[in-house]
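Worksheet: one structure, shown below.
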Amino acid sequence: MRVNGVSPGPVETDLWLAADGLAATAAAANGSTAADVRARAAAGTVGGRFTRPAEVAEPVLFLAGDRTANVIGAGFTVDGGFVTTV
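Its first residue numbered 1112, the sequence shown is counted upward by one per residue in our numbering.
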């Protein structure tokens, strides 16, 4: 059995961007606006933007394919540099 992980950061989906999404929830908790939360999250990435859904899907498809049959226990972070690692 193969187990690998793909860990996305902020992604341009309703989870973050909907009226009741994470940005709106965080804004309500800290007295900010959803637009401000989204802007801060995007600014926190090296690329200055949210990850696109396809940018998460591509490594998932790659890991599920035959070319990575011997890739086991790998973790891929797809977050535009949101979480810095060494």
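Glycine is no exception: its CB is placed at the ideal position from the N, C-alpha and C atoms.
Pairwise C-alpha distance: residue j and residue i
i: T1156; j: N1181; result: 31 Å
i: A1145; j: A1165; result: 24 Å
i: A1175; j: S1118; result: 15 Å
i: G1184; j: G1192; result: 21 Å
i: R1151; j: A1134; result: 10 Å
i: A1130; j: D1177; result: 40 Å
i: V1167; j: G1142; result: 31 Å
C-beta atoms of residue i and residue j nearer than 8 Å
i: T1147; j: A1138; result: What sits at residue 1147 in the sequence shown is Asp, not Thr. Yes. Within cutoff.
i: F1210; j: T1179; result: Absent from the structure is residue 1210, since the part of the chain shown begins at 1112 and ends at 1197.
i: F1161; j: V1122; result: yes
Supposed close pair residue i, residue j - CB separation, criterion 8 Å
i: V1194; j: G1120; result: 7 Å
i: L1128; j: R1113; result: Going by Cβ atoms, the distance from L1128 to R1113 rounds to 32 Å, so no, they are not a contact pair.
Host alpha helix (DSSP H) of residue i (start-end)
i: T1136; result: 1133–1141
i: D1125; result: 1125–1128
- Ordered list of beta strand (DSSP E) runs contained in the stretch 1139–1173, each at least 3 residues: none
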